[in-house]
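When you line the sequence shown up against my numbering, it's residues 3 to 222, in that order. We put the beta carbon where it would ideally sit given N, CA and C, even for glycine. Accompanying notes for the structure given below.
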Amino acid sequence: MTAPLPASPPLHGTEAPSAWVQRWSHLVRAHGTVLDVACGHGRHTRWLDALGHAVTAVDRSSDAIEAIAASLTKGEAVVADIENGPWPFAHRQFDAVVVTNYLWRPLMPTLLASLAPGGVLIYETFTAGNETVGKPSRPDFLLRTGELLTVCAGLRVVAFEDGFEERGDGTGQPVLQRFVQRIAAVNEPPIDTGLPSPESPSQAVPARYQLPWGLGRMQD
């Protein structure tokens, strides 16, 4: 009896939506515009579309984009090589930019410039150390320790994680091991405070970025 062949990994973008994207998607303005970068087969495009956002999905795979386009209720699906070709969204800004499992450092300034005032960057990908447990393993595809904090220095960082993640199959055997870094950060719009001074302090109300309830949260 021959041993069964190992299961092929799922196509990029056909997995369940990232828990990080789901956790922080409430920060996106209601019915806002969202750019899903290197979207693959659209796991986050569909998730955000179902929330009522107008999603612009971009990927270099025409097959993936064709599959996404048929399911969108609004928004658009764009085929583009964003590493070697021109940026297809020049002069456009979005209420959110979502990136997962993708890193092309020369694109970082463009992604930040694509955030509208109040726009949210939700980013999650592999980081240094992942080469010890699997792929990707090339430094070009791995964030340096704390790199997303440096990239987002001009944004309001709401949440950040940088570490090792392991999930089991229920029998004590690990089925996923990875080093991952992720961030949720807001491009805070400038606040018109009039003419603040020590004699006339600003009365502006700070933005409230709702944190999901969970372990470690303070309670009344």
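What does residue i pair with, by DSSP beta-bridge criteria?
i: residue 72; result: Looking at the DSSP assignment, residue 72 forms no beta bridge with any residue, so it has no partner.
i: residue 179; result: 168
i: residue 143; result: BP columns for residue 143 are empty, so no partner.
i: residue 30; result: DSSP lists no partner for residue 30.
i: residue 163; result: 184
Leaving out five residues before and five after residue i in sequence, what residues of the same chain have Cβ atoms less than 7 angstroms from its Cβ?
i: residue 30; result: 36, 55, 97, 98, 122
i: residue 17; result: 45
What's the call for residue i, buried or exposed, on a 16-neighbour Cβ count within 10 Å?
i: residue 177; result: exposed
i: residue 212; result: exposed
i: residue 33; result: exposed
i: residue 164; result: buried
Round the Cβ separation of residue i and residue j to the nearest angstrom and send it over; I've been treating them as touching at under 8 angstroms.
i: residue 38; j: residue 100; result: 5 angstroms
i: residue 154; j: residue 187; result: 4 angstroms
i: residue 151; j: residue 159; result: 7 angstroms
i: residue 22; j: residue 184; result: 5 angstroms
i: residue 145; j: residue 130; result: 7 angstroms
i: residue 71; j: residue 43; result: In fact, because the Cβ distance is near 12 angstroms, the residues do not count as touching under 8 angstroms.
Should residue i be listed as close to the ligand SAH, given that the test is whether its C-beta is under 7 angstroms from any heavy atom?
i: residue 102; result: No copy of the ligand SAH occurs in the structure displayed, which carries no ligand at all.
For residue i, which residues of its own chain have a beta-carbon under 8 angstroms away from its beta-carbon, when the five flanking residues on both sides are left out?
i: residue 116; result: 37, 91, 94, 95, 96, 99
Spatial neighbours of residue i within its chain, please: C-beta separation below 6 angstroms, excluding the five flanking residues on both sides.
i: residue 102; result: 20, 126
i: residue 82; result: 60, 90
i: residue 167; result: 180, 182
Between the alpha carbons of residue i and residue j, how many angstroms are there, rounded?
i: residue 104; j: residue 112; result: 15 angstroms
i: residue 191; j: residue 207; result: 13 angstroms
i: residue 41; j: residue 47; result: 7 angstroms
i: residue 147; j: residue 26; result: 22 angstroms
i: residue 214; j: residue 182; result: 20 angstroms
i: residue 209; j: residue 24; result: 21 angstroms
i: residue 62; j: residue 156; result: 29 angstroms
i: residue 124; j: residue 138; result: 20 angstroms
i: residue 189; j: residue 28; result: 15 angstroms
i: residue 108; j: residue 135; result: 26 angstroms
i: residue 69; j: residue 57; result: 14 angstroms
i: residue 106; j: residue 133; result: 17 angstroms
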